[in-house]
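Structure record follows, encoded as structure tokens.
In UniProt numbering, the protein residues as written are 1 to 277.
What follows is the structure, encoded as structure tokens:
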């Protein structure tokens with residue numbers, strides 16, 4: 001029997017081949033791929049072929065694909081680019097789910113001399129192929145960082161501040177993480193072949209496993225509020241100057257707030273903050 005295959009970005013899911021039927025015995029069905037390791041429950045195993053004492057067995061249903069990991073919330077203060085633009089921290093993307101395992105192929109049957117006569121003339125019915133598993137769902141994107149409120153950026157320069165005041169406003173809120181995509185539905189196992197002249201039918205292939213769900217996206221960092229940001233230089237000389245930060249923005253929530261560590265950090269409020277170049 002033909003094998004069913006689902007082509008996914010993170011691997012192919014292939015149903016097991018149905019077992020051939022002969023006059024005196026049936027061949028076992030092939031195992032479905034991708035096989036979980038370990039596999040104590042026997043997901044996706046091919047069914048045994050018929051013998052003189054035992055009937056054939058259907059293929060086993062494939063295992064569902066593992067879900068993707070959830071993205072973490074944004075951490076840290078951010079950084080500055082070479083031209084002095086602020087680069088905040090976005091939330092982590094959720095991981096993609098993995099494909100489900102293909103179902104096992106059904107076992108073939110034996111026909112026996114009473115149906116086929118001379119053994120060389122005919123054989124039993126073949127087993128059905130296992131269904132392929134569904135593809136994994138996409139992970140949700142992490143939330144974007146909130147905009148920063150920065151009164152003055154000192155970029156590779158020495159600056160003295162005399163008799164002035166610099167007050168930053170409130171930082172912007174971080175974005176919430178994106179919701180995952182549900183894993184794809186699996187293919188159904190094929191029925192076994194039809195027996196001839198009253199001989200037994202072949203056994204059916206097992207259904208494929210469902211594709212794993214993607215992971216939720218993490219929340220973005222809240223934007224900081226900084227009166228003076230110093231990039232790659234010594235701190236400024238401040239004389240009779242009032243430097244005052246505002247309030248940092250709220251960190252974004254993860255798409256599933258119950259996931260530990262999925263919320264982004266709130267933005268910091270700092271009067272004077274140093275950043276590496």
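Quick reminder that beta carbons are idealized off the backbone N, C-alpha and C, glycines included.
Cα-Cα separation, residue i to residue j
i           : j           : result
residue 29  : residue 108 : 7 angstroms
residue 301 : residue 69  : Nothing can be reported for residue 301, as the shown portion of the chain is limited to 1 through 277.
residue 154 : residue 274 : 10 angstroms
residue 213 : residue 45  : 23 angstroms
residue 40  : residue 136 : 23 angstroms
residue 185 : residue 15  : 14 angstroms
residue 193 : residue 13  : 23 angstroms
residue 74  : residue 260 : 13 angstroms
residue 180 : residue 271 : 39 angstroms
residue 166 : residue 79  : 21 angstroms
residue 266 : residue 254 : 13 angstroms
residue 234 : residue 277 : 11 angstroms
residue 245 : residue 169 : 7 angstroms
residue 206 : residue 188 : 7 angstroms
residue 36  : residue 104 : 13 angstroms
residue 229 : residue 236 : 10 angstroms
residue 217 : residue 106 : 40 angstroms
residue 149 : residue 31  : 59 angstroms
residue 128 : residue 190 : 5 angstroms
residue 151 : residue 238 : 15 angstroms
residue 139 : residue 71  : 8 angstroms
residue 53  : residue 258 : 55 angstroms
Other residues of its chain near residue i: CB distance less than 7 angstroms, five sequence neighbours each side excluded
i           : result
residue 240 : 162, 163
residue 268 : 77, 224, 248
residue 87  : 78, 79, 80, 81
residue 10  : 96, 98, 99, 136
residue 243 : 166, 227, 228, 271, 272
residue 22  : 110, 123, 124
Contacts around residue i, its chain only, beta-carbon distance under 6 angstroms, and the 5 residues preceding and following it disregarded
i           : result
residue 195 : 125, 201
residue 33  : 14, 102
residue 133 : 13, 62, 99, 100, 101, 102, 186, 208, 209
residue 97  : 65, 67, 68, 136, 137, 183, 211, 212, 213, 214
residue 24  : 110
residue 20  : 27, 108, 126
residue 147 : 172, 223
residue 256 : 216
residue 204 : 58, 106, 128, 189, 191, 192
Nonlocal neighbours in the same chain, by C-beta distance under 8 angstroms from residue i, ignoring five residues either side
i           : result
residue 84  : 153, 155, 231
residue 219 : 73, 74, 91, 142, 143, 174, 175, 176, 177, 251, 252, 253, 254, 262, 263, 264
residue 42  : 60
Any chain B beta carbon closer than 7 angstroms to residue i
i          : result
residue 32 : Going by chain labels, chain B is absent from the structure shown, which holds only one protein chain.
Residue i in three-state terms, based on DSSP
i           : result
residue 43  : coil
residue 7   : strand
residue 230 : strand
residue 244 : strand
residue 96  : coil
residue 37  : coil
residue 254 : coil
residue 207 : coil
residue 275 : strand
residue 225 : strand
residue 13  : strand
residue 260 : coil
residue 269 : strand
residue 238 : strand
Sufficient close CB pairs (3 or more, under 8 angstroms) joining the region 218-238 to the region 34-53: Note that the region 218-238 does not touch the region 34-53; fewer than 3 beta-carbon pairs, one per stretch, sit closer than 8 angstroms.
- prompt: Going along the chain, which unbroken runs of the beta strand (DSSP E) with 3 or more residues stay wholly within the region 119-199?
  reply: Fully enclosed beta strand (DSSP E) runs of 3 or longer: 149-155, 160-162, 165-167.
query: Should the region 145-160 be regarded as contacting the region 185-199, the criterion being three or more beta carbon pairs within less than 8 angstroms?
result: The answer is no - the region 185-199 does not touch the region 145-160, with fewer than three Cβ pairs under 8 angstroms.
The region 54-68 touching the region 249-262, judged by at least three CB pairs closer than 8 angstroms: Result no; under three Cβ-Cβ pairs closer than 8 angstroms.
- request: Would you be able to state if there are at least three C-beta pairs under 8 angstroms between the region 88-99 and the region 172-191?
  value: Remark: three or more beta-carbon pairs, one from each stretch, lie closer than 8 angstroms, so the region 172-191 and the region 88-99 are flagged as touching.
task: Only counting runs of 3 or more residues, tell me where the beta strand (DSSP E) segments fall wholly within the UniProt region "Disordered" (15-34), in order along the chain.
output: For the beta strand (DSSP E) assignment, the UniProt region "Disordered" (15-34) encloses no uninterrupted run of at least 3 residues.
message: At 3 residues or longer, what runs of the beta strand (DSSP E) sit wholly inside the region 44-86?
response: Counting whole runs of 3 or more residues, the region 44-86 contains no beta strand (DSSP E) stretch at all.
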